[in-house]
Amino acid sequence: MSNSIFSPPLTRRRALAGLGACAAVPLVPLARPALAQTKLAALDIPSLAMPSLGAFPSPVIKEKGFDKANGLDVTFQPKAAGIYRSDFASGASPLGGSGSLLIDVGLVSEKGAKIIYLFNINDYWGTVAVPGASAIKTLKDLSGKKLAAALPTSNYAIFRYFAKLSGLDLSTVEVMNTSSTALVPMMVSGRVDGVQLWEPAYSILASKGDYRALDFIGLWRESNKVAAMPYQGIAAHEGWVKANPQLIPRLYAMYAQAADFIESSPDEAGSIIAKASKTDPQTMADLIRSKRLGFNMYWAGEQRAATEAMFRAALEIGFLKDMPAPDVLFDKPV
């Protein structure tokens, strides 16, 4: 890995076309059986349990065979958030399929472990949902109101940064801490004026009544002069990265194919995801079409400026104490 400044963004289709030239083990399109005829590399990938964002590609990968198409035999291991984070931080699970840039890379690195952010899958999207008839139009309108939020999450941490950018003093808001799974019920119950949440929770909430999302994501580009918002992808302990360099390009190709399929075939993908997450297929298809899942794949080193901006934002609100070292970002294999 190098510490050079980032290159122009790498699209998924460019990545899929070029990965064969940069990987030690050649990658081939699905129509060609070369990798399928070789011995598959077995790989366990823990992730947060459905309906978390990091778990969305998993059922699609298995249903469509994108792992085997890239010489892998992946077993996805859904875990509750607390178990997933502790297992990854300790190294019991050296590879993370729901790798949070700020938590699994930033915070864990501060505790002494060397964590590498291999590649991004989803950029950040978060919102505050309010009833359709609410007088709350902007974040500043939350002053004096009740807001439900899952405080330990990185999504809420980034929201705190947006609140600061918008001029909202969160000390003037009655913030009620709750679990991620309780956010939608809290809003539906009418006990709060708004709820800070992300997908797929927002789409599930919107399917239950008249709610709307406050849009503040545009403040990111205005403040940081970058478009990408690296948020969630694949992270690994440095030891795993050094021991498995030949698997990393295959992992990228597998997730890139899944992301392309999800975005290009929302109805079929929505049905697959809905079956795995026990949600409504139409809700999932509409969510995919909305682009709020934020699929944006790139090698971590391809977006150094945007990633460093995320780290600076976390430092500014006190979520991180130190800027992570440049080599926590994995560069595109050459």
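Residue numbers (mature numbering (1 follows the signal peptide of the UniProt record, and there is no 0)): -36 to -1, 1 to 298. Glycine residues also receive a C-beta, built at the ideal position from the N, C-alpha and C atoms. Model, not experiment: these values are computed from the prediction.
Using alpha carbons as the reference points, say which of the options lies closest to residue i.
{"i": "Gly55", "options": "Asp31, Phe275, Leu134, Val205", "result": "Val205"}
{"i": "Ala114", "options": "Trp162, Ile181, Thr39, Met14", "result": "Trp162"}
{"i": "Lys285", "options": "Gly76, Trp184, Lys3", "result": "Gly76"}
{"i": "Asp87", "options": "Leu183, Met218, Arg256, Pro290", "result": "Arg256"}
{"i": "Phe126", "options": "Val72, Glu186, Leu169", "result": "Glu186"}
{"i": "Leu178", "options": "Lys78, Phe20, Gly96", "result": "Gly96"}
{"i": "Leu71", "options": "Ala289, Val298, Pro297, Ser167", "result": "Ala289"}
{"i": "Phe275", "options": "Ser64, Thr142, Ser107", "result": "Ser64"}
{"i": "Asp68", "options": "Phe283, Lys172, Ala270", "result": "Phe283"}
{"i": "residue 306", "options": "Tyr216, Leu103, Ile100", "result": "What is shown of the chain runs -36 to 298, which leaves residue 306 out entirely."}
{"i": "Met287", "options": "Glu74, Phe20, Val152", "result": "Glu74"}
{"i": "Ala269", "options": "Asn188, Ala207, Arg214", "result": "Asn188"}
By how many angstroms is the C-alpha of residue j removed from the C-alpha of residue i?
{"i": "Met261", "j": "Glu138", "result": "36 Å"}
{"i": "Ser11", "j": "Gly258", "result": "18 Å"}
{"i": "Leu(-18)", "j": "Ala44", "result": "Unreliable positioning characterises Leu(-18) in this predicted model, as indicated by a pLDDT of 41, which lies under 50. The coordinate reading is nonetheless provided below. C-alpha separation (whole angstroms): 33 Å."}
{"i": "residue 323", "j": "Phe123", "result": "A question about residue 323 goes unanswered here, because the residues of the chain that appear run from -36 up to 298."}
{"i": "Val292", "j": "Gly154", "result": "43 Å"}
{"i": "Leu36", "j": "Ala273", "result": "34 Å"}
{"i": "Ser228", "j": "Gln221", "result": "10 Å"}
{"i": "Phe40", "j": "Ser22", "result": "7 Å"}
{"i": "Val24", "j": "Lys3", "result": "22 Å"}
{"i": "Ser135", "j": "Lys109", "result": "11 Å"}
{"i": "Tyr48", "j": "Ile226", "result": "25 Å"}
{"i": "Glu27", "j": "Glu280", "result": "42 Å"}
{"i": "residue 299", "j": "Asp231", "result": "This structure does not reach residue 299, given that the chain is present from -36 up to 298, and the question cannot be answered."}
{"i": "Ile9", "j": "Leu59", "result": "6 Å"}
{"i": "Asp31", "j": "Glu202", "result": "23 Å"}
{"i": "residue 299", "j": "Pro209", "result": "With the chain covering only -36 through 298, there is no way to say anything about residue 299."}
{"i": "Leu183", "j": "Ala5", "result": "43 Å"}
{"i": "Ala191", "j": "Thr271", "result": "11 Å"}
{"i": "Ser130", "j": "Ala13", "result": "33 Å"}
{"i": "Ala165", "j": "Ser107", "result": "24 Å"}
{"i": "Ala121", "j": "Ala278", "result": "7 Å"}
{"i": "Val94", "j": "Asn141", "result": "17 Å"}
{"i": "Phe180", "j": "Gly234", "result": "27 Å"}
{"i": "Lys78", "j": "Gly173", "result": "45 Å"}
{"i": "Lys128", "j": "Ala33", "result": "45 Å"}
Assuming residue i and residue j are in contact, meaning their beta carbons sit under 8 Å apart, how far apart are those beta carbons, in whole angstroms?
{"i": "Leu82", "j": "Ile212", "result": "6 Å"}
{"i": "Ser62", "j": "Gln196", "result": "7 Å"}
{"i": "Gln160", "j": "Gly90", "result": "7 Å"}
{"i": "Pro194", "j": "Asn84", "result": "5 Å"}
{"i": "Ile168", "j": "Thr247", "result": "7 Å"}
{"i": "Asp244", "j": "Ser144", "result": "The pair is not a contact, with the Cβ atoms about 19 Å apart (cut-off 8 Å)."}
Taking the Cβ atom as the reference point for each residue, do residue i and residue j lie within a distance shorter than 8 Å?
{"i": "Pro42", "j": "Ser241", "result": "no"}
{"i": "Ser98", "j": "Asp51", "result": "no"}
{"i": "Leu147", "j": "Ala112", "result": "yes"}
{"i": "Ile80", "j": "Ala200", "result": "yes"}
{"i": "Phe150", "j": "Tyr175", "result": "The amino acid at residue 150 is misidentified as Phe; the sequence shows Met. No, the Cβ-Cβ distance between Met150 and Tyr175 is not below 8 Å."}
Under 7 Å: does the beta carbon of residue i sit that close to some heavy atom of the ligand GDP?
{"i": "Ala222", "result": "Absence of the ligand GDP from the depicted structure is noted, as is the absence of any ligand whatsoever, leaving it without description."}
### Message
Going residue by residue through the stretch 97 to 139, where are the continuous beta strand (DSSP E) segments of at least 3 residues, counting only ones entirely within it?
### Response
110 to 113
### Complete alpha helix (DSSP H) runs within the stretch 41 to 72 (minimum length 4 residues, chain order)
45 to 54
#### Entry: alpha helix (DSSP H) segments (min. 4 residues) lying fully within the stretch 130 to 218
147 to 153, 165 to 170, 182 to 188, 202 to 207
### Length-filtered (3 minimum) beta strand (DSSP E) runs lying within the stretch 240 to 292
259 to 263
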